[in-house]
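First to last, the sequence lines map onto chains A and B. Just so we're aligned: 98 in numbering that gives the first Met the number 0 is position 99 of the first sequence, and the numbers increase by one with no gaps anywhere. Just so we're aligned: 75 in numbering that gives the first Met the number 0 is position 76 of the second sequence, and the numbers increase by one with no gaps anywhere.
2 protein chains.
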Amino acid sequence: MIHMPESVSAAIEAFAALPGIGSRSAERLTFRLLTDQNNLAVRLSSALTEMKNNVKECDQCCFLTDENTCEICMDTRRDTTKLCIVESPLDVLALERTHEFRGRYHVLHGVISPLRKVRPEDIRLTELYAHIEQLPDLNEVILGLGGSTESEATALYIMEQLRGRFSGHVTRLARGIPSGSELDFLDAGTLGRAMTERREW
Amino acid sequence: MIHMPESVSAAIEAFAALPGIGSRSAERLTFRLLTDQNNLAVRLSSALTEMKNNVKECDQCCFLTDENTCEICMDTRRDTTKLCIVESPLDVLALERTHEFRGRYHVLHGVISPLRKVRPEDIRLTELYAHIEQLPDLNEVILGLGGSTESEATALYIMEQLRGRFSGHVTRLARGIPSGSELDFLDAGTLGRAMTERREW
């Protein structure tokens, strides 16, 4: 095997370590950056450095920010009676795209997982309880976690922990048939849940 | 839409500008880098900067190197009677993986394309003619270009240009059925060519 210049191999390796990028794709991306006319490599490189140096977690909701407090928590027009707990900053973006929620978020940065050695103290639960205390009008906590077993167990754990800390409604996202899906392609778990949680028309 | 910290948006944008990475994947990659424990963002960032600063084209074959001459051209064990012309540095890696070729390469960094305004002088043809002159033992030039119309036109153009400059054999890669493929899944062009260029068993 011929040796590439060390920086090229390092770039290929770093790309290949990212989720969903195999070694061939990593090669392609690296060579594209090498020959790119728009200085994309420099832009990407400096964005990543700056990001690593400046971006931190919001002191209230643990979403990402380069200030102390994020844009959502600073926004006085948001509904502070509702708090949606999510696993990752990506979930905030996904929910914001729906335009269906105008309350606050709280980002856990993970779920409890005995298998992967993620304990309750490894996710942002202390920060969650503090965040809830800072919201005197809060009357609904929405468990916006995913559908995996670990996510559901984390949701259950949080529900337990909220007793005594929060007396309002605790809700979770609806489970059921995804928009546009055909019944016979759905797994039995999803379809079964859609049946047991069916609603009046 | 909420605003992400500027460096995060810049990283997402830069990722999304890469081939095969959509905006959602770009978000995922960026957040993965943000929360990664192994300093992947820093490694990627510094590899890219170093790569852009140090990597250049080999003064003989135009492959990538951080010296003046690349490892392949420096390797005295390579067969200097054979030269394989390819479009991109990736093709060199792909051919090296086959272990079927031990000669020299010449990387064009593109193909002639009137549509995309790539003229003969925009690819490394002057360097090709110089490279050929530096190889006194050369007796075979292999046109290792792809199967697109532009690649084939470029191969034809080079063949014309080699007249008077090179008197040995000019060959091209075999065209035909890819290994492991089933006939009824192949396009008519590939299958037709496999038929007309059939060989004695």
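From the three backbone atoms N, C-alpha and C, an ideal C-beta is built for every residue, glycine too.
Check: Out of curiosity, what's the CA-to-CA distance linking E151/A and A187/A?
Finding: Here residue 151/A is taken as the residue at index 152 of the first sequence, counted from 1. Here residue 187/A is taken as the residue at index 188 of the first sequence, counted from 1. Their Cα atoms are separated by approximately 17 Å.
Next item on the list: Determine the contact status of V7/A and K51/B, defining contact as a CB-CB distance below 8 Å.
Entry: Position 8 of the first sequence, counting from 1, holds the residue named residue 7/A. Position 52 of the second sequence, counting from 1, holds the residue named residue 51/B. Their beta carbons are not under 8 Å apart, which means V7/A does not touch K51/B by this criterion.
Notebook entry, point to check: For the candidate residues D90/A, N37/A, T125/A, P119/A, whose alpha-carbon lies nearest to that of L172/A?
Noted result: Residue mapping note: residue 172/A aligns to position 173 of the first sequence, counting from 1. It is D90/A whose Cα lies nearest to the Cα of L172/A.
Notebook entry, point to check: What did DSSP end up calling L161/B once you bin it into helix, strand or coil?
Noted result: As a first step, residue 161/B is located in the second sequence; it is residue number 162 there, counting from the start. In this structure, L161/B counts as helix in the three-state DSSP scheme.
Check: Taking a cut of 8 Å between CB atoms, which residues from the segment 98 to 116 of chain B lie near chain A?
Finding: H108
Margin query: Considering only DSSP beta bridges, list what H105/A is partnered with.
Written below: Numbered from 1 along the first sequence, position 106 holds the residue referred to as residue 105/A. I84/A, per the DSSP bridge assignment.
Next item on the list: Count the other C-beta atoms from every protein chain shown that fall within 10 angstroms of the C-beta of K81/A, then say buried if there are 16 or more, exposed otherwise.
Entry: As a working note, residue 81/A is residue 82 in the first sequence. Looking at its Cβ environment, which holds 16 or more other Cβ atoms inside 10 Å, K81/A is buried.
Next item on the list: Assign T148/B to buried or exposed, taking buried as 16 or more other Cβ atoms, counted over all protein chains shown, within 10 Å of its Cβ.
Entry: To locate residue 148/B, count along the second sequence from 1; it is residue 149. T148/B should be labelled exposed.
Notebook entry, point to check: What is the rounded straight-line gap between the Cα of C83/A and the Cα of S22/B?
Noted result: Residue 83/A sits at position 84 when you count from the first residue of the first sequence. Residue 22/B sits at position 23 when you count from the first residue of the second sequence. Rounded to whole angstroms, C83/A to S22/B spans 24 Å at the Cα level.
Notebook entry, point to check: How do the segment 45 to 61 of chain A and the segment 31 to 39 of chain B stand: do at least 3 beta-carbon pairs fall below 8 Å, yes or no?
Noted result: yes
Notebook entry, point to check: For the segment 103 to 123 of chain B against the segment 151 to 161 of chain B, are there 3 or more C-beta pairs whose distance is under 8 Å?
Noted result: Counting C-beta pairs with one atom in each stretch, the segment 103 to 123 of chain B and the segment 151 to 161 of chain B have three or more that are closer than 8 Å, which means they touch.
Next item on the list: Report the residue ranges of all beta strand (DSSP E) runs contained in full by the segment 140 to 197 of chain A; include only those spanning at least 3 residues, in chain order.
Entry: 168 to 171
Checklist line | Inter-residue spacing [alpha-carbon to alpha-carbon] between E66/B and E56/B | finding: Start at 1 with the first residue of the second sequence, and residue 66/B comes out as number 67. Start at 1 with the first residue of the second sequence, and residue 56/B comes out as number 57. When only Cα atoms are considered, E66/B and E56/B end up about 9 Å apart.
Checklist line | Selection of the segment 84 to 99 of chain A by Cβ proximity to chain B, strictly under 7 Å | finding: Residues are counted here when their Cβ sits less than 7 Å from a Cβ of chain B; for the segment 84 to 99 of chain A these are S87, P88, L89, L92, E95, given in chain order.
Note to self: Given this structure, state the Cα-to-Cα distance separating G20/A from P18/B, to the nearest angstrom.
What the structure shows: Counting from 1 along the first sequence, the entry for residue 20/A is found at position 21. Counting from 1 along the second sequence, the entry for residue 18/B is found at position 19. Contrary to the premise, residue 20/A reads as Ile rather than Gly in this sequence. Each residue's Cα considered, the two are about 12 Å apart.
Notebook entry, point to check: At a Cβ threshold of 8 Å, is M73/B touching chain A?
Noted result: Locating residue 73/B in the second sequence gives position 74, where the first residue counts as 1. False, the Cβ-Cβ gap to chain A never drops below 8 Å.
Margin query: Checking 8 Å against the spacing of the C-beta atoms, do R103/A and R77/A come in under that value?
Written below: Taking the first sequence and counting its residues from 1, one reaches residue 103/A at position 104. Taking the first sequence and counting its residues from 1, one reaches residue 77/A at position 78. Yes, the pair counts as a contact, with Cβ atoms nearer than the cut-off.
Check: In angstroms, rounded to a whole number, what distance separates the CA positions of D136/B and S24/A?
Finding: Numbered from its first residue, the second sequence carries residue 136/B at position 137. Numbered from its first residue, the first sequence carries residue 24/A at position 25. The straight-line gap from Cα to Cα measures roughly 37 Å.
Next item on the list: Ignore the nearest five residues each way along the sequence and tell me which others in I141/B's own chain have a CB closer than 6 Å to its CB.
Entry: Working through the second sequence from its first residue, we reach residue 141/B at position 142. If we look at I141/B and ignore the five residues flanking it on each side, its Cβ neighbours are C83, T170.
Checklist line | Buried/exposed call for S178/A, threshold 16 Cβ in 10 Å | finding: As a working mapping, residue 178/A is identified with position 179 in the first sequence. With fewer than 16 Cβ atoms within 10 Å of its Cβ, S178/A is classed as exposed.
Note to self: On the DSSP letters alone, give me the boundaries of the alpha helix (DSSP H) that H130/B sits inside.
What the structure shows: Position 131 of the second sequence, counting from 1, holds the residue named residue 130/B. Taken as a continuous stretch (DSSP letters only), the alpha helix (DSSP H) holding H130/B covers 124 to 132.
Next item on the list: Per DSSP, which residues does D78/B bridge with? Please list them.
Entry: Numbered from its first residue, the second sequence carries residue 78/B at position 79. Per DSSP, G102/B.
Next item on the list: Taking only beta carbons into account, state which residues of the segment 40 to 65 of chain A come closer than 7 Å to chain B, listed in chain order.
Entry: A40, V41, R42, L43, S44, A46, L47, T48, E49, M50, K51, N53, V54, L63, T64, D65
Checklist line | Which residues DSSP lists as bridging L63/B, in chain order | finding: Here the question's residue 63/B lines up with position 64 in the second sequence. L63/B pairs with E56/B.
Notebook entry, point to check: In chain order, what residues of the same chain have a beta carbon less than 7 Å from the beta carbon of F100/B, not counting five sequence neighbours either side?
Noted result: In the second sequence, the residue the question calls residue 100/B occupies position 101. Around F100/B: C83, L94.
Checklist line | Amino acids of chain A, ordered along the chain, whose beta-carbon sits closer than 7 Å to that of H2/B | finding: For the purposes of this step, residue 2/B is identified with residue 3 of the second sequence, where counting begins at 1. By Cβ distance, chain A contributes E70.
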